[in-house]
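Heads up, the thing below is written out as structure tokens.
In UniProt numbering, the protein residues as written are 1 to 418.
Below is the structure:
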């Protein structure tokens, strides 16, 4: 069978180059995993006859190149386990990761390791396991180190202990966490309802990421009161992190849990606010203090922290400051390289002549059109449903009855006047 040699280059973090050999069947298997998201990636179909001709081989090679370029233009795709495994991005296999987790929890006899959910998240560098401790249901999260890592193992564990000591209503309780040579492991109580994103999609957190958050699924909205309530509590948690110089740059609906008492940030949108951010005369992000003091949250109640002061060890402070510096330096470096990555180049081996972000814009427009079509179709089905027909008949009957009563009253009034 024909094998294709793929030259891969990592541009973020530790820059490196390598090559992998893959067959068409392996491309097709990866496409099966990605197409569950509901986005057309332009994968070339299988051809049984004439697939050894030189012209066909060249056309398929160009089509597969376009397919890879589309995948590598969006982080949800190129960071997924299917693509990372296909391109051999991570040095360790999933078998090695399983061994790492098993060795990490072997000194905890009260913990029983349950099912591993490889595809429930969008990052291949993060692994989720279900955990049992007696009758309690827990979740084990294992994350490998990224490019911003700093400090030694001892200081990292001291920092994790300090963060667990922060008893705050709007930060998810971490039962246990520790760091070793491979990464950081954390144990949380299981959230049956999942994250805020799961509430919006009415999905099960254990399902595959591309299935439960498929673009074809209906996304439910929140009431304005709930939005204010959730956003205000998130701002309180971020204010604490900011005051302690703890970098928390990965906030989204997937790491916010909803409970009866409110919301919590786990894994340590309002019109006026968005208008202040995206207005042409402003184009700047507001500070946390400006957001909290906004009129939207002026009457939203929040729980305050009982502790008046927090003493941070010097080693922890030094590690967190170093981590913030590393993140800022990488951000500046990535911004400087963005024009190089998005610049269109004339290449005889490629037929793509558009910047990478142009596909994402087209995809966004296509999704908006598709959502509009779905809403119109739902409205059409609603109007044609038996329940709606019966409701309209009842309205017509009640209106006819009221009209007949009104006519009788008018006739009676005329008769009396005569």
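Ideal Cβ placement from N, Cα and C applies to all residues, glycine included.
DSSP places residue 23 inside the beta strand (DSSP E), whose first and last residues are 16-23. Residue 231 counts as buried, since no fewer than 16 other beta carbons sit within 10 angstroms of its beta carbon.
Relative to the Cα of residue 247, the nearest Cα in the group 26, 233, 22 and 328 belongs to 328.
The C-beta distance from residue 126 to residue 141 rounds to 7 Å, short enough to meet the 8 Å contact threshold.
For the stretch 109-175, the full-length beta strand (DSSP E) segments reaching 3 residues or more read 112-117, 126-133 and 136-144 along the chain. In this structure, DSSP gives residue 185 an extended state, which the three-state scheme calls strand. Here the stretch 198-217 does not lie against the stretch 159-168, with fewer than 3 beta-carbon pairs under 8 Å apart. Around residue 117, the same chain offers 128 and 206 as residues with beta carbons nearer than 7 Å, after the five sequence neighbours per side are excluded.
Fully enclosed alpha helix (DSSP H) runs of no fewer than 4 residues occupy 288-292 of the stretch 281-329, in order along the chain. Ranked by Cα distance from residue 373, the options 302, 255 and 218 are led by 218.
Pairing residue 84 with residue 76 gives a Cβ-Cβ distance that is not under 9 Å. Within its own chain, the residues whose Cβ lies closer than 6 Å to the Cβ of residue 191, once the five positions on either side in sequence are excluded, are 257, listed in chain order. Counting of Cβ neighbours within 10 angstroms places residue 111 among the buried residues, the total reaching 16 or more. Residue pairing by DSSP places residue 10 opposite 16 in a beta bridge. Apart from the 5 residues on each side of it in sequence, residue 130 sits with its Cβ closer than 6 Å to the Cβ of 114 and 115 in its chain, given in chain order. Between the alpha carbons of residue 95 and residue 384 lies a gap of roughly 53 Å.
Apart from sequence neighbours up to five positions away, the residues of its chain that approach residue 160 with a beta-carbon distance below 6 Å are 177, ordered along the chain.
Cβ-Cβ separation between residue 197 and residue 245: approximately 28 Å, too far for a contact (criterion under 8 Å).
For residue 178, DSSP records a beta bridge to 185.
In the displayed model, residue 78 falls within a helix according to three-state DSSP. Here the C-alpha atom of residue 124 lies approximately 19 Å from the C-alpha atom of residue 194.
Note that the C-beta distance between residue 17 and residue 8 is below 9 Å. Leaving aside the five residues that flank residue 72 on each side, the residues in its chain whose CB is nearer than 7 Å to its CB run, in chain order, 78. Segment contact: the stretch 315-322 against the stretch 179-186, fewer than three CB-CB distances shorter than 8 Å; contact not assigned.
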